[in-house]
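Protein chains in written order, with our numbering: chain A, 2 to 519; chain B, 4 to 376.
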């Protein structure tokens, strides 16, 4: 049961994974986007033969290399932490979850690592077209890698394409197609990679703006702004569209996360989407969780209903409906799900015990239950709920998700405006005259990182307390090691990653100040 | 007919191949372990770092793919070993994190920690990475202190969580054997890649000092392993028992394993002879062609022939066999189709490598304007 689990161990394990993921995600989106920007720039160089474009490409490539190395370093930890810190999870779903990771290695990592060497070292060793192809393959490889890891992550949000095998006590893949084409995966991949394109475009835009502020490398800066502006604008619009699509899917597969994002406690029809709001403690409690009021609220009427149901009058369940149940709307209470989950777990335990003592008659009878649709649809699907003690435990931290979501979305729309302005001023040859814009572009770089990280906070914190939605809470997924061991490695990682980040920023800044080689 | 047993065997073959490639590609680590002792000046050090730096990512990627393939095909091993032998794997990971950034940052302007710290990172990764991987793999033959419950949740017997493997002399033998092997491979690679007469002289002197310890450690490990007891698993019941000469039987009982092992050992010996006495520049190819089948043969001995490849010394019946630890037939079959792309991957890697490695690295190149470490 979940109360028997060392909460300190669970929290430190979560903290370590979150630390690694947050650091890793500081570097990955820039790789995803900048690799394509390099490919665009080098394509222009190869097509026009203009050496200026070669110089521009090589300058941004140097920054790409500095960022790329630390992204690789933090990435390897994430893969192995599934085993070191979440070993019960690794067994329970390794049959499904491991496959995309292996495919990622075979299809994407080798592509990326092979051609990144040609990209860096091949300028004077291979032909122009081969070099250009290599640069494109690095971009394709990096983004293919994102595809597979996001397929794996999306499965945790919406587990599909599997059956439970009571003999092995784990979920096993039944359809690779369903796993790959999981609607959450499709939305998440498009949303995530395009957000990486936006971040990289803002990175190029901001640094180019700095050159213009300093009246240096103006030719490079203007050309870079053109490429980043076009790419960034297309990508930022795509982010908005895929974000909308993601939210619709989310409302169906993770209604609790969706309600928490809106701080929607009472379900209602004609529900509006909160654009801005401030949460205050209402004094009421949902179990041991605070119930929040949304003050200073500005909302778009009926939009939430439309997003969720496709109709303005559609009913959107609130957290109270989802926890306490709402028979009128066909929503089961969590306490009922807990009972059904406990029953499913008991059937599994009885099966394993019968197997242990060689009671084949009981084994056969219980094994048959896992093939009955009544059992799988009405009991086993709530397997993970059987670990909880209180219904309110399924509610994530509402303020964290509510604010993270709003800041992320707000910044997303701000970025669209930023790229429009960049292209507008470029076209009117007015970039240098509008120094406020140049400063705004430069200062937007940290905002792009903030928005990107917040996206993951909404995703991962919003899924709590689940490691696999409805199937496995984080508390039962941890490895059986001491909290002290994880605490020690947490601090080792924290110190090491921070030290490396400081080194990366210092080298990056120095390289930018030095500018391109003439 | 593609049976579950066939798929398990197929995936153990892939894992073994990746392990062989990984050990060969750790010539990068082997070369790094010489970063302070081999070069006589900064130019030589720079040549060494740049020669290795153009390959480090292949080793890294192979390690990541090795982990991913193990996760996908034998998830119970992934859960048991990584979740139990926590400290050994964490130490290995740490040594690889510090490597990844060291190349890119060591000589860049703005490097606030100085070149020597990053060179120390390369040295540490070069020594610790191969040694610890060798120790971890040795536990495939010597066993680990864990038990599994009804639901396959692992409990590690020792509070040292994997570090206790370091006090087993047999494990240490393989750890040192791998370390000295990759040092030899590193020397061969540097000899092959760098055009510098003075450095070639240093490499020639260092070769026997590393080749002899490698042979001593490797042969000692193989001797003890083959002549000792092995963890045999009954093909029908899965019951695990200790059987004397079990690994020797696996070696002699399967002609493929025997040919791979003996052929690989001969090729490695030929490469050592070439490196010390004859044509050192070509030795790396013979060493590579020998290392990969030897490592594969060791993995075959550990996994095939009714053997528990990840044995438990605390509870023999908790030991992992290919049948017990593997993924479902569906996953293994799906992944098998994906693995058919591997020859294509090898082909493009080969093409890309040969494209940028046509010329050997010279001191003059180090002062050019190319991307440098």
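Even glycine gets a Cβ: it sits at the ideal position worked out from N, Cα and C.
Given the structure is predicted, the values throughout are model-derived calculations rather than measurements.
For residue j and residue i, the rounded distance between their alpha carbons
{"i": "residue 224 (chain A)", "j": "residue 34 (chain A)", "result": "17 Å"}
{"i": "residue 280 (chain A)", "j": "residue 290 (chain A)", "result": "14 Å"}
{"i": "residue 523 (chain A)", "j": "residue 103 (chain B)", "result": "No answer is possible for residue 523 (chain A): it lies beyond the span of chain A, which begins at 2 and ends at 519."}
{"i": "residue 252 (chain A)", "j": "residue 128 (chain A)", "result": "51 Å"}
{"i": "residue 474 (chain A)", "j": "residue 419 (chain A)", "result": "41 Å"}
{"i": "residue 93 (chain B)", "j": "residue 172 (chain A)", "result": "27 Å"}
{"i": "residue 36 (chain A)", "j": "residue 155 (chain A)", "result": "24 Å"}
{"i": "residue 349 (chain A)", "j": "residue 371 (chain A)", "result": "9 Å"}
{"i": "residue 341 (chain B)", "j": "residue 10 (chain B)", "result": "13 Å"}
{"i": "residue 105 (chain A)", "j": "residue 128 (chain B)", "result": "25 Å"}
{"i": "residue 262 (chain B)", "j": "residue 300 (chain B)", "result": "9 Å"}
{"i": "residue 397 (chain A)", "j": "residue 263 (chain A)", "result": "12 Å"}
{"i": "residue 217 (chain B)", "j": "residue 444 (chain A)", "result": "56 Å"}
Proximity test, Cβ basis, 9 Å: residue i and chain B
{"i": "residue 512 (chain A)", "result": "yes"}
{"i": "residue 259 (chain A)", "result": "no"}
{"i": "residue 71 (chain A)", "result": "yes"}
{"i": "residue 528 (chain A)", "result": "This structure cannot settle anything about residue 528 (chain A), because the visible part of chain A is limited to 2 through 519."}
{"i": "residue 353 (chain A)", "result": "yes"}
{"i": "residue 88 (chain A)", "result": "yes"}
{"i": "residue 387 (chain A)", "result": "no"}
{"i": "residue 18 (chain A)", "result": "no"}
{"i": "residue 326 (chain A)", "result": "no"}
{"i": "residue 509 (chain A)", "result": "yes"}
{"i": "residue 127 (chain A)", "result": "yes"}
{"i": "residue 497 (chain A)", "result": "yes"}
{"i": "residue 3 (chain A)", "result": "The predicted position of residue 3 (chain A) is uncertain, since its pLDDT is 46 and thus under 50; a value taken from the coordinates is nonetheless stated next. Not one chain B Cβ lies under 9 Å of residue 3 (chain A)."}
{"i": "residue 84 (chain A)", "result": "yes"}
Residue interval of the alpha helix (DSSP H) (run including residue i)
{"i": "residue 59 (chain B)", "result": "59-76"}
{"i": "residue 69 (chain A)", "result": "52-86"}
{"i": "residue 32 (chain A)", "result": "8-49"}
{"i": "residue 352 (chain A)", "result": "335-358"}
{"i": "residue 436 (chain A)", "result": "436-464"}
{"i": "residue 233 (chain B)", "result": "Note, residue 233 (chain B): premise wrong, no alpha helix (DSSP H); beta strand (DSSP E) at 232-236."}
{"i": "residue 130 (chain A)", "result": "129-158"}
{"i": "residue 169 (chain A)", "result": "Unbroken run through residue 169 (chain A): none, as it is neither H nor E."}
{"i": "residue 433 (chain A)", "result": "Counting along the chain, residue 433 (chain A) falls outside any alpha helix (DSSP H), and DSSP gives it neither H nor E."}
Per-residue burial, residue i [other beta carbons within 10 Å of its own, 16 or more giving buried]
{"i": "residue 452 (chain A)", "result": "buried"}
{"i": "residue 285 (chain A)", "result": "exposed"}
{"i": "residue 322 (chain A)", "result": "buried"}
{"i": "residue 188 (chain A)", "result": "buried"}
{"i": "residue 354 (chain B)", "result": "exposed"}
{"i": "residue 430 (chain A)", "result": "exposed"}
{"i": "residue 343 (chain B)", "result": "exposed"}
{"i": "residue 394 (chain A)", "result": "buried"}
{"i": "residue 209 (chain A)", "result": "buried"}
{"i": "residue 347 (chain A)", "result": "exposed"}
Chain-order list of residues whose beta-carbon lies under 6 Å from that of residue i (same chain, five-residue window excluded)
{"i": "residue 308 (chain B)", "result": "253"}
{"i": "residue 75 (chain B)", "result": "338"}
{"i": "residue 455 (chain A)", "result": "405, 408, 409"}
{"i": "residue 251 (chain B)", "result": "229"}
{"i": "residue 363 (chain A)", "result": "355"}
{"i": "residue 191 (chain B)", "result": "278, 286, 287, 290"}
{"i": "residue 139 (chain B)", "result": "91"}
{"i": "residue 186 (chain B)", "result": "33, 36, 213"}
Own chain, CB closer than 7 Å to residue i, minus 5 neighbours either side, in chain order
{"i": "residue 446 (chain A)", "result": "203, 204, 207"}
{"i": "residue 305 (chain B)", "result": "143, 144, 312"}
{"i": "residue 284 (chain B)", "result": "194, 195"}
{"i": "residue 163 (chain A)", "result": "97, 172, 173, 174, 175"}
{"i": "residue 348 (chain B)", "result": "none"}
Residue i - containing beta strand (DSSP E), residue span
{"i": "residue 469 (chain A)", "result": "467-469"}
Any chain A beta carbon closer than 9 Å to residue i
{"i": "residue 104 (chain B)", "result": "yes"}
{"i": "residue 138 (chain B)", "result": "no"}
{"i": "residue 313 (chain B)", "result": "no"}
Same chain only: Cβ atoms within 8 Å of residue i, ignoring 5 sequence neighbours per side
{"i": "residue 21 (chain A)", "result": "75, 78, 79, 82, 494, 498"}
{"i": "residue 157 (chain B)", "result": "82, 83, 86, 87, 149, 150, 151"}
{"i": "residue 3 (chain A)", "result": "Only weak support exists for where residue 3 (chain A) lies, its pLDDT of 46 falling under 50; the coordinates are left without a value."}
{"i": "residue 560 (chain A)", "result": "What is shown of chain A runs 2 to 519, which leaves residue 560 (chain A) out entirely."}
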